[in-house]
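S.K.:
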């Protein structure tokens, strides 16, 4: 089923690539196609974006794609569901927390890494505070931003935040409620997740700074 963010993503990529003066070819990859042989299938891709609208057809396929990007220094962006699965992949494969799971997909999990947040999806504007020295702070050129592109229902369970941060998955943006909204992997060219949907900026014909920075890593 096509959702609004899926319509927005090609438009957002086109806006950013036009702004950068480059041509970007995109391809939708079904998560089910990445259950097996994913390294060979992804070897020719120069960037990966895990998009909203989970649960995915294949959670394992999505996690395999994210792992490929992380381990091969491929620029990666995860928005909403992509963010949620980004931290699950990291917890399972880096922290060896094999039971790490998603409250929406497996509500009986013994390790609820992704849990409901205090603020649900809306089109209202939200203020985020960014971490000094982070990639996202450099992208925006400041430490406080306002976003209006759909806040996501599920995110990082704060109980596990110290474990992820100690291993290099850094919280770099929080909302006014203190919930994590942006995370990025240190020592990686570009590996970032957002619990909002920057792609929706395309509906207003706006080049979003995160998407532009993501593509800029591709053409460097």
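Numbering (our numbering), first residue to last: 9 to 228. Note that the Cβ used here is the ideal one computed from N, Cα and C, for glycine as well.
1) Let me know the secondary structure DSSP gives residue 121 once reduced to three states.
2) Among the candidates 95, 65, 21, 133, whose CA atom is the shortest distance from the CA of residue 41?
3) Between the alpha carbons of residue 250 and residue 207, how many angstroms are there, rounded?
4) Determine, using beta carbons only, whether residue 177 and residue 113 come nearer to each other than 8 Å.
5) If you measure between the beta carbons of residue 99 and residue 111, is that distance less than 8 Å?
6) Per DSSP, residue 188 is paired with what?
7) Between which residues of its own chain and residue 24 is the CB-CB distance below 6 Å, once the five residues before and five after are set aside?
8) Compute the Euclidean distance between the alpha carbons of residue 94 and residue 13, then round it to the nearest angstrom.
9) Does the Cβ of residue 76 have 16 or more other Cβ atoms within 10 Å, making it buried, or fewer, making it exposed?
10) What does the alpha-carbon distance come out to for the pair residue 125 and residue 191?
11) For residue 133, I'd like the list of residues in its chain whose CB is within less than 6 Å of its CB, leaving aside the five on either flank, ordered along the chain.
12) Taking all protein chains shown into account, do 16 or more other C-beta atoms lie within 10 angstroms of the C-beta of residue 143, making it buried, or fewer, making it exposed?
13) Secondary structure at residue 20, three-state DSSP: helix, strand or coil?
14) Mark residue 34 as exposed unless 16 or more other C-beta atoms lie within 10 angstroms of its C-beta, in which case mark it buried.
15) Indicate the three-state DSSP secondary structure (helix, strand or coil) for residue 146 in the structure shown.
16) Are the C-beta of residue 216 and some C-beta of chain B separated by less than 8 Å?
17) In the structure shown, what three-state DSSP assignment does residue 5 receive?
18) Would you identify the three-state DSSP class for residue 103, choosing helix, strand or coil?
19) For residue 199, count the other beta carbons within 10 Å of its own beta carbon; 16 or more makes it buried, fewer makes it exposed. Which is it?
20) Of all the options 71, 62, 63, which has the alpha carbon lying nearest to the alpha carbon of residue 56?
21) How many Å lie between residue 62 and residue 141 at the Cα?
22) Starting from residue 169, follow the beta strand (DSSP E) in both directions and report where the run begins and ends.
M.R.: In short:
1) strand
2) 65
3) Not covered by the structure: residue 250. The range shown for the chain is 9 to 228.
4) no
5) no
6) 182
7) 215, 219, 220, 223
8) 18 Å
9) buried
10) 15 Å
11) 154, 156
12) buried
13) helix
14) exposed
15) helix
16) Judged by its chain identifiers, the structure shown contains no chain B, having just a single protein chain.
17) Outside the displayed range of the chain (9 to 228) lies residue 5, so it cannot be described from this structure.
18) coil
19) buried
20) 71
21) 31 Å
22) Unbroken run through residue 169 is the alpha helix (DSSP H), 169 to 174; no beta strand (DSSP E).
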